[in-house]
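Novice: Before we start, here is the structure in question, set down as structure tokens.
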Amino acid sequence: MRDDPIKIADAAGGSPAAAVHTTDGAQAAPSIALHHRDFLTDVVNLPDQSIDLILADPPYGLGKDYGNDSDMRSGEDFLAWTRHWLELALPKLKPRGSLYIFCTWQYAPEIFSFLKTKLTMINEIVWDRRVPSMGGTTRRFTSVHDNIGLFAVSKDYYFDLDPVRIPYDAATKKARSRRIFEGSKWLEMGYNPKDVWSVSRLHRQHAERVDHPTQKPLEIISRMVLASCPPGGTVLDPFMGSGTTAVACAMHGRHFVGYEINADYHAVARQRIADIPHHVPN
Ligand SMILES: C[S@@+](CC[C@H](N)C(=O)[O-])C[C@H]1O[C@@H](n2cnc3c(N)ncnc32)[C@H](O)[C@@H]1O
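Mapping of the sequence shown onto full-length UniProt numbering: position 273 corresponds to residue 273, and the numbering continues sequentially without gaps.
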């Protein structure tokens, strides 16, 4: 079991890590803690109100093989387990903190209803995985989306849209060149990504892909980290898998604490962090 914090690589290549500012004004690499532990038993070691953002991509209750039986619960058993880990995780959030939770249409209604008794619901984001139609299902419409709930502890939750705005393309800018749009700040700053995110899932040949069956695209996770965790803040990922959230935190100057019970996935996450070139303070 390797739990010691790991160093971001000194080698060049890839996207570099970003620094965090320390209290004395110096710059340091973010702390990336990758625990090979069960979140549900280890969460007691996290101080309450220490986390800015919980980014949770748990087993979906659909019987995926993660090399363990963690996704073999279904129905009320799965929902009871989900409520249990959420009850353990939510006290860890700071007063301005928030939570993203990935789930599917099968269980989203119950999970969101439960969370609405604890937190304020901000968004339901639909991740369109852009899966091409390949025949198959004929008795219903093919499902190509994941449901993501965004919830906050209070109405004063941290949220910064600017780093995740999408730039307008040249044609749109030109089309908006009429006088009434002149000097419009939003035209230069880019637009709100909205709540339907069309980002391809990571197929086997994808450059980003590592050895994990449900690895999430860095583009999606980075957007969540940048919008919902302040620079230098701390992100908790209770079910980190291949460590995508850890990579996003290292690249964007946020501290990270994550848990994974599968030793192979934990090793993959360690390697992904070790491969990130060291940030050189400027
Ligand atoms: C949906 S995957 C996460 C994928 C991850 N977001 C990524 O991009 O690679 C869920 C992960 O949770 C792990 N897991 C299941 N139960 C756990 C527990 N109690 N504590 C920690 N990890 C757990 C599984 O082994 C699996 O790798």
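We treat Cβ as the ideally placed atom computed from N, Cα and C, and that holds for glycine.
I'd like the ranges of any alpha helix (DSSP H) spanning at least 4 consecutive residues and lying wholly in the stretch 32 to 117.
Specialist: You should have 39 to 42, 75 to 89, 108 to 116.
Novice: On the criterion of 16 or more Cβ atoms from any shown chain inside 10 Å, does PHE102 qualify as buried, or is it exposed?
Specialist: PHE102 should be labelled buried.
Novice: Using three-state DSSP, classify PRO277 as helix, strand or coil.
Specialist: Reduced to three states, the DSSP call for PRO277 is strand.
Novice: Measure from the C-beta of VAL199 to each C-beta in chain D and report whether the shortest distance is under 8 Å.
Specialist: Here there is only one protein chain, and chain D is not present.
Novice: Using the Cβ count rule (16 or more neighbours within 10 Å means buried), how would you classify THR82?
Specialist: By the neighbour-count rule (16 or more Cβ atoms within 10 Å), THR82 is buried.
Novice: Cβ-heavy atom distance between LYS216 and ligand 2 below 7 Å?
Specialist: Looking for ligand 2 in the displayed structure turns up nothing; the ligands present are ligand 1.
Novice: Under the three-state reduction of DSSP, which class applies to ASP128: helix, strand or coil?
Specialist: Three-state result, ASP128: strand.
Novice: Could you tell me the alpha carbon to alpha carbon distance between LYS116 and SER177, rounded to whole angstroms?
Specialist: Cα-Cα distance, rounded: 43 Å.
Novice: Enumerate, from N- to C-terminal direction, the unbroken alpha helix (DSSP H) stretches of 4 or more residues contained entirely within the stretch 133 to 178.
Specialist: The stretch 133 to 178 contains these whole alpha helix (DSSP H) runs: 170 to 175.
Novice: Any heavy atom of ligand 1 within a distance shorter than 7 Å of the CB on LYS92?
Specialist: No, the beta carbon of LYS92 sits no closer than 7 Å to any heavy atom of ligand 1.
Novice: Tell me whether MET121 sits in a helix, a strand or coil according to DSSP, three-state version.
Specialist: The answer is strand: DSSP assigns MET121 an E or B state.
Novice: Return the CA-CA distance between SER228 and ARG204, expressed in angstroms with no decimal places.
Specialist: Using only the alpha carbons, I get a separation of about 30 Å.
Novice: How far does the beta strand (DSSP E) with LEU236 in it extend, from its first residue to its last?
Specialist: Segment 234 to 237, the beta strand (DSSP E) holding LEU236.
Novice: So what's HIS266 in DSSP terms, helix, strand or just coil?
Specialist: It is helical.
Novice: If you drop the 5 nearest sequence neighbours on each side, which residues of the same chain put their C-beta closer than 6 Å to that of LEU46?
Specialist: Excluding sequence neighbours, LEU46 sits near LYS92.
Novice: With C-beta atoms as the reference, is VAL200 less than 8 Å away from ARG130?
Specialist: For clarity, residue 200 is Ser in the given sequence; the question names Val instead. Going by C-beta atoms, SER200 is nearer than 8 Å to ARG130.
Novice: Where LEU187 and THR172 are concerned, what is the direct C-alpha to C-alpha distance, given to the nearest angstrom?
Specialist: Going from the Cα of LEU187 to the Cα of THR172 covers about 9 Å.
Novice: Label residue 284 either buried or exposed according to how many other C-beta atoms from any shown protein chain fall within 10 Å of its C-beta, with 16 as the threshold for buried.
Specialist: Outside the displayed range of the chain (1 to 282) lies residue 284, so it cannot be described from this structure.
Novice: Tell me the rounded alpha-carbon separation between ILE261 and VAL144.
Specialist: If I take the Cα positions, the gap works out to 28 Å.
Novice: Flag ASN262 as yes when its Cβ comes closer than 7 Å to any non-hydrogen atom of ligand 1, and as no otherwise.
Specialist: Within the cutoff, so yes.
Novice: Go ahead and pull the three-state DSSP assignment for HIS21.
Specialist: In this structure, HIS21 counts as strand in the three-state DSSP scheme.
Novice: Can you tell me where the beta strand (DSSP E) holding SER198 begins and where it ends?
Specialist: Counting along the chain, the beta strand (DSSP E) containing SER198 begins and ends at 196 to 198.
Novice: For VAL257, report the span of its beta strand (DSSP E) as first-last.
Specialist: Residues 255 to 259.
Novice: Since ALA28 sits in a beta bridge, which residues does DSSP pair it with?
Specialist: The partner list for ALA28 (beta bridge, DSSP) reads VAL20.
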